[in-house]
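Per numbering that gives the first Met the number 0, the sequence shown starts with residue 0, numbered consecutively.
The beta carbon of each residue, even a glycine, is placed where N, CA and C say it ideally should be.
Every value quoted in this text rests on a predicted model; they were computed, and no experiment measured them.
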Amino acid sequence: MEAMGRFIDRLSAFVFMKVPFFGAQIELVVLALGAAMIFFTLWLGLPQFRGVGIGFQLIRGRHIDDSAPGSVSQFQALSTALSGTIGLGNIGGVAIAIALGGPGAAFWMFVIGFFAMALKAAEVTLGLMYREFTPTGEVLGGPMYTLKNGLARLGLPKTGRGLGALYAVFALGGALPLLQVNQSFSQLTLIAEIDNGPGNGLVYGLFLTLAVGVVIIGGVRSIASVAARLVPLMCLIYLGAGVVILITNAGAIPGALETIVRTAFAPEAVAGGAIGSFVVGMRRAVFSCEAGVGSAVMAHSAARTHHPASEGMVGLIEPLLDTMIICTMTALIIVVTGVYDDGHGDIAMTSAAFGTVASWFPYVLSVAVFLFAFSTLISWGYYGLQAWGYLFGHGRASEIAFKLLYCLLQPIGAVLSPGKVIDLIDSLFFLMVVPNLIGLALLAVPVRREMNGFLAGVKAGTIYGKGIDDETAQPRHD
Numbered sequence: 000m001e002a003m004g005r006f007i008d009r010l011s012a013f014v015f016m017k018v019p020f021f022g023a024q025i026e027l028v029v030l031a032l033g034a035a036m037i038f039f040t041l042w043l044g045l046p047q048f049r050g051v052g053i054g055f056q057l058i059r060g061r062h063i064d065d066s067a068p069g070s071v072s073q074f075q076a077l078s079t080a081l082s083g084t085i086g087l088g089n090i091g092g093v094a095i096a097i098a099l100g101g102p103g104a105a106f107w108m109f110v111i112g113f114f115a116m117a118l119k120a121a122e123v124t125l126g127l128m129y130r131e132f133t134p135t136g137e138v139l140g141g142p143m144y145t146l147k148n149g150l151a152r153l154g155l156p157k158t159g160r161g162l163g164a165l166y167a168v169f170a171l172g173g174a175l176p177l178l179q180v181n182q183s184f185s186q187l188t189l190i191a192e193i194d195n196g197p198g199n200g201l202v203y204g205l206f207l208t209l210a211v212g213v214v215i216i217g218g219v220r221s222i223a224s225v226a227a228r229l230v231p232l233m234c235l236i237y238l239g240a241g242v243v244i245l246i247t248n249a250g251a252i253p254g255a256l257e258t259i260v261r262t263a264f265a266p267e268a269v270a271g272g273a274i275g276s277f278v279v280g281m282r283r284a285v286f287s288c289e290a291g292v293g294s295a296v297m298a299h300s301a302a303r304t305h306h307p308a309s310e311g312m313v314g315l316i317e318p319l320l321d322t323m324i325i326c327t328m329t330a331l332i333i334v335v336t337g338v339y340d341d342g343h344g345d346i347a348m349t350s351a352a353f354g355t356v357a358s359w360f361p362y363v364l365s366v367a368v369f370l371f372a373f374s375t376l377i378s379w380g381y382y383g384l385q386a387w388g389y390l391f392g393h394g395r396a397s398e399i400a401f402k403l404l405y406c407l408l409q410p411i412g413a414v415l416s417p418g419k420v421i422d423l424i425d426s427l428f429f430l431m432v433v434p435n436l437i438g439l440a441l442l443a444v445p446v447r448r449e450m451n452g453f454l455a456g457v458k459a460g461t462i463y464g465k466g467i468d469d470e471t472a473q474p475r476h477d
């Protein structure tokens, strides 16, 4: 065990290696993701402006085509992806950013969320360009298949298969439910003042096992169906509660906005001045929206569409909702109530902000915490299944084995102190970035060709235009 502990320490130190950045220290993996976000924003010609309107039209079902290849609607695909990315980071992660980088960190989270939209659109588009279908019509998608099939088209089949397998191994580690269950149980005991002993932990873990198991056993259609209902509900509860807090403190909103913007650039900001505030905000934004990690591509790849770039436009919406709207709401709640000066360092800060409205209001937050954690678990169950199937096959016995393993591990996450296990899972999660970014870099030309062709076709009316038969349209795989 001691040798394993040393190995995990070295792995964590390698994955989260820090480099100097204008006088501050930042993880190299976060810096690489930030650079990729800016690159694809410019490379794809600001798709945040060109495509977001089309994305909202698609999730409203304006161009729905049930004959298109895929397993779920584009709205359901987005909901499944959002259920994986909208989580405790939107509640506690923002508080951590403000504690470390001051209120100005929230400004930089918003900015990075904007650039993340382009990176998400690129990886989602590639996911649909290179997805596969089983003989029964089920979709096999994700960065594993992007790497395998995309690099094969570039004449690098062995490299693609190797990187795809490497990504799947890392994804299996990132999908283990120990961390999500442990964190959600800890947050609920904090907010609802429940004893965090192993007895309550076991009960909580078994409850999640049953609830998650019922959903993931039904496969992607079941997950998408639940996510399509759960994501709007959990967002409504959290954002609705946030609106109540903001209305209660309406007079403080202008001052809060001024504080957020001013401290984003002020030299006296926490944790290394303005640069420190930027670094903290960028780190939390990247961790929140998961753009570049590739996980959400597995959900988006199941969407029914003839046009890969159309789902890329839907993918744009994910960082917009997750980071630019929900995280900003959390930041405003914290700043208008003034609790960021009270010494809190994590979700306790958000809970304290809720408590300024009424003594029972933090219980509303506890409901949101549970829903956010549950939604993350069902999505990552699907992601883990896709990675498992890539490595071990998608036969019925193989899928049942993974689902049982995934569900049975959940109670362990609630009763154990994670320790080195958390470091290991975190390391494997962010190692997913390495093969994914390599694939994005090598396939940058095909994804731009696909996206520009789609947007030009929409503008000219040859795609989704009057009299166009979308059933005859075929996705391009340049």
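- Under DSSP, residue 24 takes part in a beta bridge, and its partners are 19.
- With a beta-carbon spacing of about 7 Å, residue 172 and residue 428 fall inside the 8 Å limit used to define contacts.
- Residue 240 and residue 252 have their C-alpha atoms some 16 Å from each other.
- The beta carbon of residue 214 sits closer than 7 Å to the beta carbons of 221, 222, 225 and 377 from its chain, once the five residues preceding and following it are set aside; these are given in chain order.
- Contact annotation: the segment 139-152 does not touch the segment 356-375, with fewer than three C-beta pairs closer than 8 Å.
- DSSP, reduced to helix, strand and coil, places residue 31 within a helical segment of the structure shown.
- At a Cβ-Cβ threshold of 9 Å, residue 79 and residue 227 count as neighbours.
- Closest by C-alpha distance to residue 40, out of 122, 409 and 368, is 122.
- The straight-line gap separating the alpha-carbon atoms of residue 17 and residue 55 is approximately 38 Å.
- Boundaries of the alpha helix (DSSP H) around residue 53: 46-58.
- Per DSSP, the continuous alpha helix (DSSP H) segment holding residue 160 begins and ends at 156-174.
- Contact annotation: residue 111 and residue 329 have beta-carbon atoms that are not nearer than 9 Å.
- Contact between residue 293 and residue 120 does not hold, since their C-beta atoms are separated by about 13 Å, which reaches or exceeds 8 Å.
- Burial of residue 331 is indicated by the presence of at least 16 other C-beta atoms within 10 angstroms of its C-beta.
- Boundaries of the alpha helix (DSSP H) around residue 457: 443-459.
- Remark: C-beta atoms of residue 373 and residue 229 approach each other more closely than 9 Å.
- Excluding sequence positions up to five before and after residue 52, its CB lies less than 7 Å from no other CB in the same chain.
- Per DSSP, residue 312 is one residue of the alpha helix (DSSP H) stretching across 307-318.
- Under the three-pair Cβ rule at 8 Å, the segment 122-134 counts as touching the segment 298-309.
- The beta-carbon separation of residue 200 and residue 366, rounded to 19 Å, does not stay under the 8 Å limit for a contact.
- Your pair residue 263 and residue 60 does not check out as a contact, with CB atoms roughly 38 Å apart and the cut at 8 Å.
- For residue 390, the enclosing alpha helix (DSSP H) stretches over residues 360-391.
- Partner residues in the beta bridge of residue 302, as assigned by DSSP, are 71.
- Taking every protein chain shown into account, the CB of residue 93 has 16 or more other CB atoms within 10 angstroms, so this residue is buried.
- Straight through space, the alpha carbons of residue 100 and residue 280 are spaced by roughly 7 Å.
- The bridge partners DSSP lists for residue 122 come to none.
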